[in-house]
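Beneath this line is the structure, given in structure tokens, with notes to follow.
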Ligand code: 5RP
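Numbering (the numbering used here), first residue to last: 169 to 401.
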């Protein structure tokens, strides 16, 4: 395991300390979230947790969690998710996020909006002053609207790139849509861009997560840091 993976693993494991028996848990997507899912499964198997049900945020995570024997349930209007643990591609100083590197941003946002607590786990390389510094914004777009939405994104500045698979075919999300990676450049006010993108009919969802994180757990060379929006780090 390389250093970055070790930091991701440390953050993922720490996040599981916030789970208790009887909880409904949202499972994020990506390598850091998978470290947390593995730890969750371990603590269920060794008897530290009981009566845990989980809602996966992607087919990838569903397969991963199913293989570990976790109890998977659909979203339920009667019961909010207690805690969701998910990764991020970039985290700014206001705890806004870019997500969707794994293409699962739509279901991840649904989970985030239906969870009491959203714990974001990442290694320290994901921290930035302003969103857009390091990572493009993944935007889920209807195939029908691909060219016009690419044009719209470019009219806001920056460049766009249709995400492709290793074989050179368009990457398809779990909903069968395309992902356009929008190199927005640094965003002074990401919420303003989030509002603009949300208004476009051809944009199914975008990877700007504004104000959804309730905790951020960072694996860093100094150890694991638990950051809470509004509290000094
Ligand atoms: C998937 C995501 C992931 O959480 C994000 O890409 C981080 O992935 P990783 O933990 O592998 O670095 O948003 O859609």
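Glycine is no exception: its CB is placed at the ideal position from the N, C-alpha and C atoms.
heavy atom of the ligand 5RP below 7 angstroms from residue i C-beta
i, result
"residue 276", "yes"
"residue 199", "yes"
"residue 254", "yes"
"residue 177", "no"
"residue 273", "yes"
"residue 182", "no"
"residue 269", "yes"
"residue 196", "yes"
"residue 342", "no"
"residue 257", "yes"
Sub-8 angstroms separation of residue i and residue j beta-carbons
i, j, result
"residue 347", "residue 305", "no"
"residue 290", "residue 229", "no"
"residue 249", "residue 193", "yes"
"residue 273", "residue 344", "no"
"residue 212", "residue 254", "no"
"residue 177", "residue 203", "yes"
"residue 276", "residue 225", "yes"
"residue 398", "residue 341", "no"
"residue 191", "residue 278", "no"
"residue 243", "residue 222", "no"
"residue 175", "residue 388", "yes"
Own chain partners of residue i with C-beta closer than 7 angstroms, once the 5 adjacent residues on each side are dropped
i, result
"residue 350", "304, 305, 307, 321, 326 and 328"
"residue 353", "300, 325 and 326"
"residue 316", "370"
"residue 141", "Since the first residue of the chain shown is 169 and the last is 401, residue 141 is not available in this structure."
"residue 359", "378"
"residue 297", "260 and 261"
"residue 179", "200, 289, 290, 291, 385, 386, 387 and 392"
"residue 293", "172"
Contact set for residue i: own chain, Cβ-Cβ below 8 angstroms, skip 5 residues either direction
i, result
"residue 395", "263, 383, 384, 385, 386 and 401"
"residue 209", "233, 236, 237 and 238"
"residue 380", "265, 277, 280, 281 and 286"
Beta-carbon proximity list for residue i, same chain, < 6 angstroms, skipping 5 on both sides
i, result
"residue 334", "none"
"residue 377", "265 and 267"
"residue 295", "259"
"residue 319", "none"
"residue 393", "386"
"residue 218", "189"
"residue 207", "181 and 184"
Cβ of residue i within 8 angstroms of any chain D Cβ
i, result
"residue 210", "Looking at the structure shown, chain D is missing, and only one protein chain is on hand."
If we require 3 or more residues per run, which beta strand (DSSP E) segments fall completely within the stretch 273-310? Within the stretch 273-310, the complete beta strand (DSSP E) runs of at least 3 residues are 283-291 and 305-309.
Of all the alpha helix (DSSP H) runs that stay within the bounds of the stretch 216-280, which reach a length of 4 or more residues? Listed in chain order, the complete alpha helix (DSSP H) runs (minimum 4 residues) inside the stretch 216-280 are 227-235.
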